[in-house]
Amino acid sequence: MDGRYKHMIDSLGPDLFDKIQNSRVLMVGAGGIGCELLKNLVLAGFGNIEIIDLDTIDLSNLNRQFLFQHKHIKQSKAHVARETALKFNPHVNIKSHHNSIYEDQYNVPWFKSFDLVMGALDNLKARQYVNQKCIQAGVPLIESGTAGHLGQTSLHVKDISRCYSCDPKPVPKAPASCTIRSTPTAPIHCIVWAKSYLFCKLFGEDEDAIKEDAESAQNTEQLETLRKESEATSRLRNALGTEEFGKMVMQQVFHDDIEELLNQKEKLSWRKEPTPLDVNTLVSNAVEAKDKGSTEFEQREWTPEEAAHVFLESTSKLSKRMAEGLKEDPNFTLEFDKDDQDAMDFVTACGNLRAHVYDIEKKSRWDTKEMAGNIIPAIATTNAIIAGLVVITAIRVIDGKYAPIEVEGKKTEQWKNAYLAGPGGITTEPIGPYNPLCVACQTNFLTLRVNLNTYTLGQLADLLQHEPELAEGDRRGLGLQLEAIELGDRRLLDFEDGPVEKTLSELQTKNGDVFIVIADCDEPGHTLTVDLMVEHVDSMEDNFYELVGSRKLASRPVSNPEEEKKEEEEKKEDGQKSLKRSSDDMKTDQVNGQANGSSKKAKQEDGPVHIDLDADDDGPMLIE
Numbered sequence: 001m002d003g004r005y006k007h008m009i010d011s012l013g014p015d016l017f018d019k020i021q022n023s024r025v026l027m028v029g030a031g032g033i034g035c036e037l038l039k040n041l042v043l044a045g046f047g048n049i050e051i052i053d054l055d056t057i058d059l060s061n062l063n064r065q066f067l068f069q070h071k072h073i074k075q076s077k078a079h080v081a082r083e084t085a086l087k088f089n090p091h092v093n094i095k096s097h098h099n100s101i102y103e104d105q106y107n108v109p110w111f112k113s114f115d116l117v118m119g120a121l122d123n124l125k126a127r128q129y130v131n132q133k134c135i136q137a138g139v140p141l142i143e144s145g146t147a148g149h150l151g152q153t154s155l156h157v158k159d160i161s162r163c164y165s166c167d168p169k170p171v172p173k174a175p176a177s178c179t180i181r182s183t184p185t186a187p188i189h190c191i192v193w194a195k196s197y198l199f200c201k202l203f204g205e206d207e208d209a210i211k212e213d214a215e216s217a218q219n220t221e222q223l224e225t226l227r228k229e230s231e232a233t234s235r236l237r238n239a240l241g242t243e244e245f246g247k248m249v250m251q252q253v254f255h256d257d258i259e260e261l262l263n264q265k266e267k268l269s270w271r272k273e274p275t276p277l278d279v280n281t282l283v284s285n286a287v288e289a290k291d292k293g294s295t296e297f298e299q300r301e302w303t304p305e306e307a308a309h310v311f312l313e314s315t316s317k318l319s320k321r322m323a324e325g326l327k328e329d330p331n332f333t334l335e336f337d338k339d340d341q342d343a344m345d346f347v348t349a350c351g352n353l354r355a356h357v358y359d360i361e362k363k364s365r366w367d368t369k370e371m372a373g374n375i376i377p378a379i380a381t382t383n384a385i386i387a388g389l390v391v392i393t394a395i396r397v398i399d400g401k402y403a404p405i406e407v408e409g410k411k412t413e414q415w416k417n418a419y420l421a422g423p424g425g426i427t428t429e430p431i432g433p434y435n436p437l438c439v440a441c442q443t444n445f446l447t448l449r450v451n452l453n454t455y456t457l458g459q460l461a462d463l464l465q466h467e468p469e470l471a472e473g474d475r476r477g478l479g480l481q482l483e484a485i486e487l488g489d490r491r492l493l494d495f496e497d498g499p500v501e502k503t504l505s506e507l508q509t510k511n512g513d514v515f516i517v518i519a520d521c522d523e524p525g526h527t528l529t530v531d532l533m534v535e536h537v538d539s540m541e542d543n544f545y546e547l548v549g550s551r552k553l554a555s556r557p558v559s560n561p562e563e564e565k566k567e568e569e570e571k572k573e574d575g576q577k578s579l580k581r582s583s584d585d586m587k588t589d590q591v592n593g594q595a596n597g598s599s600k601k602a603k604q605e606d607g608p609v610h611i612d613l614d615a616d617d618d619g620p621m622l623i624e
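Residue numbers for the sequence shown, in full-length UniProt numbering: 1 to 624.
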């Protein structure tokens, strides 16, 4: 076996390689980056690897997630990745979990059992959750993500570097519903209207952005307009499955509704007034494209006559599917899916016809699919590069080549986060110290060792309020002015009001659960919270306990005054823009041809490029 790892031993030395072989690492996610990462880990000789992923293999994964084959479709990604990786190197121990990382069994003690966690996830919520668990367990986390040709890796170590949540993530912004409904100025407005408004009105349930219209209606006139629209929608839905359905929809949305808008021209303003379609003429001239089904047809702009033909054809198919479904289930609906041929044809044709009405640039079916699905194509090469950078970082972490800033003159600057961005290739920057205002990594954290079967909530409350003696592991309290104790989404105690006589096990507390303790803070503008992890010790009796961790609890500012000032200025600016938009009727609401609000766009700042990525990964990239 030495021959297999000779290159690693020669490069790293026998001592470090021995650490690698004996390490335990966790990989969260077995998708685009995950496949590349697992391959790298087994070839590098990491001896004990666990993988967790709830997802199953889809056809669209196969072009880049090379551990999977066509025969594996619908099977567990984690299990198949393990089986395939073991063929590369049968000498490593790999354990796979086809499960959600949110399950109770994957608690803090479980995370503590690893030397390192590597994230290859596809959504912000899961990334933040894993980050929190790693902080509580004191385990280093390497995060990674890709979006097209862009990618990044980042190292997060408690009390040394910034955690994943230290920097607030951009809040996605969507075009205003009034822009979508009445004054579109860009292709994305037409596509979102087709997907999120018309498709839902005809075949499904309204999405949140459209539901807000009735709630935001501020006068009788607006409510009357919404009433008319509702009646028109009811008439159309009653015609589902009929031969005239497609033409009825076209007449309503591309002629009658546009005429209604033109009657309100004194209240609305356009770059150029919309032109209602002559539906009878357009339907008569509707023609099937000669190159339909070809790559060229997918990637070129359609004529209005071609779009009308596709619209009528797709609407007919969808309405018949809807009518059949309603026969079996009165609550049946269709959901938009970018891989549904009929749905994608419908959205493309609708978007093109609406763009024609408003004299806006039209988009090909190919471009429409990318924008309607809010996607950035995933690229295997990018995943491979980022996975390689993750393993290089992992080797250094296993070697222990990091230390707190004040120890032996070592600084966090010796560690670099890597960014793959643009023609500059790979750039790096120091990981930087943690954010003192971070609600994730700057919360007080202690471990309470008790017998869950005998220790009561009342005893816990007394412990938290009892005056402390500043010694590790003693049997004194924290001296808190206790306000509440929470567990998950449950508030167990509220100002001493709660089932204080019940044991922690009777309150469904399990080993590794974390209580959120909220206390009053004398310092104005500050809050004091404690994350208290419970560790069950069967041998402890009655009211015995052990409290492990620093008793020097620190309060945290509720907010940063500078950030508050900045937010107030932004709100003021947004308010002024909103007023101007109302008075000027949204004259200049522009979206530059891409789905607005991506959290994965590169942000050029001073120095390296920073890429805010929520996904790497599965299927095309989701922009949430």
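Cβ coordinates follow ideal geometry from the N, Cα and C atoms, glycine included.
- In the DSSP assignment, K74 falls outside any alpha helix (DSSP H) and carries neither an H nor an E.
- By a beta-carbon distance limit of 8 Å, L116 contacts A394. Their separation comes to about 6 Å.
- N40 sits in a helix when the DSSP states are folded into three classes.
- The beta carbon of F199 sits closer than 6 Å to the beta carbons of F336 from its chain, once the five residues preceding and following it are set aside; these are given in chain order.
- DSSP links G145 through a beta bridge to Q152.
- Annotated three-state conformation of Y419 is strand, per DSSP.
- For M250, the secondary structure class from DSSP, reduced to helix, strand or coil, is helix.
- Between E486 and the set T153, G479, E496, Q75, the nearest pair of CA atoms involves E496.
- The alpha-carbon separation between W302 and S76 amounts to approximately 40 Å.
- Per DSSP, E486 is one residue of the beta strand (DSSP E) stretching across 481-487.
- V534 and S505 have their alpha carbons spaced roughly 11 Å apart.
- In the DSSP assignment, K317 falls within the unbroken alpha helix (DSSP H) covering 304-328.
- Here G45 is not bridged, per DSSP, to any residue.
- Distance from the CA of A289 to the CA of E306, rounded to the nearest whole angstrom, comes to 6 Å.
- Per the coordinates, the alpha-carbon of F111 lies some 8 Å from the alpha-carbon of L26.
- The Cβ-Cβ distance between L493 and A461 falls below 8 Å.
- In the three-state scheme derived from DSSP, where H, G and I count as helix and E and B as strand, K95 is classed as strand.
- For G119, no alpha helix (DSSP H) segment is defined; the enclosing uninterrupted segment is the beta strand (DSSP E) at 116-119.
- Our two residues, Y455 and Y545, have alpha carbons roughly 8 Å apart in a direct line.
- For the pair of segments examined, the segment 89-102 was found to touch the segment 44-60: the number of CB pairs separated by less than 8 Å reaches three.
- Nearest neighbour of K416 by Cα position, chosen from E298, L389, H536, A440, turns out to be L389.
- The C-alpha of M344 lies about 11 Å from the C-alpha of D367.
- A Cβ-Cβ contact shorter than 8 Å links A380 with R64.
- Cβ-Cβ distances below 6 Å link F332 to G325, L326 in the same chain, with the five nearest sequence neighbours on each side left out; the list follows chain order.
- A distance below 8 Å separates the beta carbons of Y164 and R127.
- For V534, the enclosing beta strand (DSSP E) starts and ends at 526-536.
- Pairwise C-beta distances place the segment 182-201 in contact with the segment 338-356, as three or more of them are shorter than 8 Å.
- The Cβ atoms of D513 and N131 do not sit closer than 8 Å to each other.
- According to the DSSP assignment, L353 belongs to the alpha helix (DSSP H) that extends over 341-357.
- Around the CB of I392, fewer than 16 other CB atoms lie within 10 Å, so the residue is classed as exposed.
- DSSP places N22 within a helical segment (H, G or I) once states are collapsed to three.
- Going by DSSP, T381 is part of the alpha helix (DSSP H) stretching over 380-398.
- With contacts defined by Cβ atoms closer than 8 Å, A554 and N444 form a contacting pair.
- A Cβ-Cβ contact shorter than 8 Å links K169 with L124.
- Proximity to V42 across S316, D342, C166, M8 peaks at M8, based on C-alpha coordinates.
- Closest by C-alpha distance to G458, out of A308, P499, A186, is P499.
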